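For reference, the structure is listed below as structure tokens.
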Amino acid sequence: MIEILARDGLAREARWTCDGLSAVTPNILFLRSGGLPLFERGECYLSAGGPVGGRFTLSSGGSWFLEREASGPAPAIPAFPNVPSGLEARPGESFEAALEGFRRSGGPVLPVPGEFPERIEEALSELLLFPGALGGTLRPRGLAADLVRLKQAAGFGRLVYAPGLGDPAHIALLAYCGVDLLDSAPLLAAARLGVRLFPGWKAHAAEEGLCHCPACEGGALGPEAVYLHNCFAALSEVRTVRAAVRRGRLRELVEGRLSEAWQVSLLRHLDLHHHDFCERYFPVARPAAAGLDALGLASLSRPEVVRFRRRVLERYRRPPSSPVLLLLPCSARKPYSDSLSHRAFRAATDRAGNPGAVHEAVVTSPLGIVPLELDSIYPAGSYDVPVTGDWDETERRMVSGQLEHFVRRGGYSAVVCHLPGMDFLAGALPPGTVFTAGRRATSPASLSALSRALRPLSNENGRVGRREASRERFASLARFQFGPGGEALAERCEVRRRGIDLRVTDGQRTQLALLGRERGLLSLTMEGARRLLGRTAYEVEIGDFRPSGTVFAPGVVRAGADIRPGDEVLVTRGGELRGVGVALMSAAEMERAGRGGAVRMRHHVSTRGGGG
205 MIEILARDGL AREARWTCDG LSAVTPNILF LRSGGLPLFE RGECYLSAGG
255 PVGGRFTLSS GGSWFLEREA SGPAPAIPAF PNVPSGLEAR PGESFEAALE
305 GFRRSGGPVL PVPGEFPERI EEALSELLLF PGALGGTLRP RGLAADLVRL
355 KQAAGFGRLV YAPGLGDPAH IALLAYCGVD LLDSAPLLAA ARLGVRLFPG
405 WKAHAAEEGL CHCPACEGGA LGPEAVYLHN CFAALSEVRT VRAAVRRGRL
455 RELVEGRLSE AWQVSLLRHL DLHHHDFCER YFPVARPAAA GLDALGLASL
505 SRPEVVRFRR RVLERYRRPP SSPVLLLLPC SARKPYSDSL SHRAFRAATD
555 RAGNPGAVHE AVVTSPLGIV PLELDSIYPA GSYDVPVTGD WDETERRMVS
605 GQLEHFVRRG GYSAVVCHLP GMDFLAGALP PGTVFTAGRR ATSPASLSAL
655 SRALRPLSNE NGRVGRREAS RERFASLARF QFGPGGEALA ERCEVRRRGI
705 DLRVTDGQRT QLALLGRERG LLSLTMEGAR RLLGRTAYEV EIGDFRPSGT
755 VFAPGVVRAG ADIRPGDEVL VTRGGELRGV GVALMSAAEM ERAGRGGAVR
805 MRHHVSTRGG GG
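One point on numbering: in the working numbering, the residue at position 575 of the sequence shown is 779, and numbering is uninterrupted.
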């Protein structure tokens, strides 16, 4: 049985229970054989000599590290001499025959051949043995495609084991790619060469003062001691990876661990060529404390960042009464509107006399363009980026392309650019753009120039009231979150600040939604959900029951394809609203998973028919 404990993209922290024993993944299967030192601190083992007393153990069918010995009743990892080196290879008939035997037996381990059906989730096996992963490190483009194809075919109730991989430097990336189990074979291979492994680097056994693990503190570092050091390093790394998954920080860990060319290539291929598959598993909201650290160029293509940029261009619509676009720099403090610099910009806009006609948008990397009404939305509300004033050529192309598309789609009557040191954007701006920033955007001279430029432009089409402007900005936010149709939430609404949160009510002061800083998304009441019923794709249809605490995946009939973990969703049955809550899975997982929570309910219809 597999129980998912936490998710972060394709990575999972899971508990696998088999034959009465459990192991938590991601994890390392430590090799156990008569000729090898036993790493006694391990959490799970791959053994050629029977179970390791009281520990989770898989039985090895033999390998170049482990000779086949008499083994106990532990679940068996098969050994085939003709296992293909990669998923693109065609297995021989003997492999196919053996594979079919495993399918019929319903054993817990299923080897993955080169050619397999598009869906192998019907097999009873819970662990997929992926022998092509080791050779795939030599061809990262193919490895990325193979891993995605395997995850698509296997569904969501399977773990993936990549034998021969387990170097501490690789564990975080492989977990990010959806691999659940590795083994200590590379730890032993490195030890035989006298190499100590660390996350991100290597050192020869003779180098002193590098490590204080029990193996290194024990005296002379022979091959056995080096192997045990490598085991300690790998075990520490898998525990770090699991903690990163729980905290939603695995991508930051991965980017910090990239130390070999094939790792960089693999991550880039996943980001650039498999975005549409990977993105659906990344949450749309994280706690503000988790945030997003965009520390290098790899962050430009991380799934949440690309999704945000796309939705700004594809979903977002500017407030109709705000035809003047004001481009502003980002701030170190998030959300931007809390920063001293943006308070100064807002004061300058107010002095122009008609702030409701001005639409403020922030130009930043890696997010591109952030309309100010979205500055609490993840990742805009909680990202961090090193500020140097220098823009890489890749960043320049991204921001220029995003800005040009945004301005053209917005149909603005005028553009004011208050961005110092960003002359490279001139080609993306329309003729007649007014530049006001000077050398420093917050200097008194620059702020005065901003007010002077906005005054005639913002007053050309009459005054826009604050209430109307707030309602239109909220409608733009609702459309961004819920897609076309989300604007229905803003019809005849009132938008008020409640502390740092935004409270939305109807004309009778009945609450419709709350935008909380900690979550960074609109949370609906039942009244708010009724406004969106039938108008948004963010609906989860369930079986004929009334939900209360959690809707589990087996109870889901269908789910809107745009639903991602963390999304606010309507729970329905035959067009009737049954409740509203937060998605715990992507739509694809809700529809295909055999177990696990799908929606955590916030409000629901009671058995008496009222709201709950």
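Ideal Cβ placement from N, Cα and C applies to all residues, glycine included. Keep in mind that this is a model prediction, so the values were computed, not measured.
Take the alpha-carbon of Asp497 and the one of Cys534: they are about 15 Å apart. For the pair Ala494 and Val488, the Cα-to-Cα distance works out to about 13 Å. Between the C-alpha atoms of Arg796 and Phe360 there is a straight-line separation of about 7 Å. For Arg216, the secondary structure class from DSSP, reduced to helix, strand or coil, is strand. Look at the stretch 674 to 754 and you find these whole runs of beta strand (DSSP E), each 3 residues long or longer: 698 to 702, 705 to 709, 715 to 719, 726 to 728 and 743 to 746.
Around the beta carbon of Glu597, a 10 Å sphere encloses fewer than 16 other beta carbons of the protein chains shown; the residue is thus reported as exposed. Rounded to the nearest whole angstrom, the C-alpha separation of Ala448 and Phe749 is 36 Å. Residue burial is scored here from C-beta neighbours: Trp405 has fewer than 16 other C-beta atoms within 10 angstroms and is therefore classed as exposed. Put simply, the backbone Cα of Arg806 is about 22 Å away from that of Glu698. Rounded to the nearest whole angstrom, the CA to CA distance from Leu439 to Ala407 is 18 Å. Ranking Gly642, Ala561 and Gly753 by CA distance to the CA of Arg670 puts Ala561 first. Exposed is the label assigned to His416, since fewer than 16 other Cβ atoms lie within 10 Å of its Cβ. Per DSSP, Asp480 has no beta bridge partner at all.
Taking C-beta atoms as the reference points, Asn558 and Ser662 count as a pair closer than 8 Å. Of the residues assessed, Thr592 falls on the exposed side of the cut-off, its CB having fewer than 16 other CB atoms within 10 angstroms.
Excluding five sequence positions before and after Val442, the CB atoms of its chain that fall closer than 7 Å to its own CB belong to Pro230, Asn231, Ile232 and Ile375, given in chain order. Boundaries of the beta strand (DSSP E) around Lys406: Trp405 to His408. One Cα belongs to Pro769, the other to Ser655, and the distance between them is close to 42 Å. Taking the CA atoms as reference points, His478 sits about 12 Å from Lys355. The alpha-carbon separation between Phe486 and Ile767 amounts to approximately 10 Å. The stretch 375 to 387 and the stretch 457 to 466 touch, with three or more beta-carbon pairs separated by less than 8 Å. Where Ala227 is concerned, the enclosing beta strand (DSSP E) starts and stops at Leu225 to Thr229. Around the CB of Ser388, 16 or more other CB atoms lie within 10 Å, so the residue is classed as buried. When secondary structure is reduced to three states using DSSP, Ser541 falls in the helix class. Just so you know, the alpha carbons of Ala556 and Phe628 end up roughly 27 Å apart.
Going by C-alpha positions, Arg713 is about 14 Å away from Leu706.
Contact check for His563 against Arg522 passes: the beta carbons are separated by less than 8 Å. In the displayed model, Arg236 falls within a strand according to three-state DSSP. At the C-beta level, Val589 and Ser569 come within 8 Å of one another.
Boundaries of the alpha helix (DSSP H) harbouring Glu428: Pro427 to Arg451, taken from the DSSP string. A Cβ-Cβ contact shorter than 8 Å links Ser525 with Ala673. With fewer than 16 other Cβ atoms inside 10 Å of its own Cβ, Asp554 counts as exposed. Each of Leu718, Tyr249 and Arg343 was checked against the Cα of Ile581, and the nearest Cα belongs to Leu718. The DSSP-derived three-state label of Pro372 is helix. For Asp350, the enclosing alpha helix (DSSP H) has its first and last residue at Pro344 to Ala358. Take the alpha-carbon of Arg700 and the one of Arg675: they are about 10 Å apart.
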